Amino acid sequence: MWAISLPLLCAVVLIGESGVGKSNLLSRFTKNEFNHDSRTTIGVEFSTRTVQINRLTIKAQIWDTAGLERYRAITSAYYRGAVGALLVYDISKHLTYESVERWLKELYDHADPHIVVMLVGNKTDLSSLRAVPTEEARDFAEKRGLLFMETSALESTNVETAFNNVLAGNNN
Numbered sequence: 412m413w414a415i416s417l418p419l420l421c422a423v424v425l426i427g428e429s430g431v432g433k434s435n436l437l438s439r440f441t442k443n444e445f446n447h448d449s450r451t452t453i454g455v456e457f458s459t460r461t462v463q464i465n466r467l468t469i470k471a472q473i474w475d476t477a478g479l480e481r482y483r484a485i486t487s488a489y490y491r492g493a494v495g496a497l498l499v500y501d502i503s504k505h506l507t508y509e510s511v512e513r514w515l516k517e518l519y520d521h522a523d524p525h526i527v528v529m530l531v532g533n534k535t536d537l538s539s540l541r542a543v544p545t546e547e548a549r550d551f552a553e554k555r556g557l558l559f560m561e562t563s564a565l566e567s568t569n570v571e572t573a574f575n576n577v578l579a580g581n582n583n
């Protein structure tokens with residue numbers, strides 16, 4: 412008798428305002444690529460990557476959702492099956508951070524109540540243009556029981572760690 416070990420399937424959603432770098436975070440994590448000419452996502456895009464976490468083989472299904480208001484009805488349907496979410500804002504655009512509370516409410520309205528959520532400050536490569544202090548975002552995340560990390564899809568900083576921490580949060 413052969414024992415077959417199938418990977419555990421885990422869906423993770425990327426949410427946040429348009430232009431914060433969700434598509435490039437997905438591309439960096441799944442293909443180790445960065446697209447300087449990234450276009451606005453229409454609806455939902457999807458990619459997978461198999462990773463080893465805590466001796467488990469996990470097939471991560473990453474759903475990149477559109478940040479534009481007109482796609483909300485479509486994208487919120489993908490929250491239901493997700494075990495994790497990366498709620499992304501751009502550290503150089505405070506307006507994208509100001510919308511985090513609304514995104515969180517929408518996520519919790521549609522997702523499993525035990526979903527693991529990480530607040531992600533993206534584009535640390537633009538630190539000279541920083542508009543959102545790290546401590547402000549970290550405090551926000553702590554008060555709401557969220558994981559927190561700052562990343563740069565361009566420089567590949569903390570991208571792998573962010574996704575793996577969210578996935579590990581579901582397997583401890």
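With the working numbering, letter number 157 in the sequence shown gets 568, and the count goes up by one each step, no holes.
Just so it is clear, CB atoms sit at the ideal spot from N, CA and C, and this is done for glycine as well.
All figures in this text were calculated on a predicted structure; none of them were measured in a lab.
Have a look at Leu-498 and Leu-530 and give me their C-alpha separation to the nearest angstrom.
5 Å
From Phe-559 to Glu-553, what distance separates their C-alpha atoms?
8 Å
Rounded to a whole number of angstroms, what is the C-alpha to C-alpha distance between Lys-534 and Ile-526?
25 Å
Leaving aside the five residues before and after Asn-443 along the sequence, list all residues of the same chain whose C-beta is less than 8 Å from its C-beta, in chain order.
Ser-567
Run through the DSSP bridge pairs and tell me what Tyr-519 is partnered with.
DSSP lists no partner for Tyr-519.
Which residues in the same chain have their Cβ closer than 8 Å to the Cβ of Asn-575, if we skip the five residues on either side of it in sequence?
Val-462, Ile-464
Considering only the beta carbon of each residue, do Asp-475 and Ser-434 sit closer than 7 Å?
yes
Over the uninterrupted beta strand (DSSP E) stretch that includes Val-570, give me the two end residues.
Element bounds for Val-570: not the beta strand (DSSP E) but the alpha helix (DSSP H), 570 to 579.
Residues bridged to Trp-474 by DSSP?
Val-424, Phe-457
In its own chain, which residues sit with a C-beta less than 7 Å from the C-beta of Val-570, not counting the 5 before and 5 after it?
Within the same chain, Val-570 has close Cβ partners Leu-436, Arg-439, Phe-440, Thr-562, Ala-564.
Checking 7 Å against the spacing of the C-beta atoms, do Ala-573 and Val-528 come in under that value?
no
Using a Cβ-Cβ cut-off of 6 Å (strictly less than) and excluding sequence neighbours within five positions of Gly-492, which residues of its own chain qualify?
Ala-422
Chain D beta carbons: is any one of them nearer than 7 Å to that of Ser-438?
In the structure shown, chain D cannot be found, because there is only a single protein chain.
Do Glu-490 and Val-431 have their C-beta atoms within less than 7 Å of each other?
In the sequence on display, residue 490 carries Tyr and not Glu. For Tyr-490 and Val-431, no; Cβs fall outside 7 Å.
In three-state terms, what does DSSP make of Thr-468?
Thr-468: strand per DSSP, three-state reduction.
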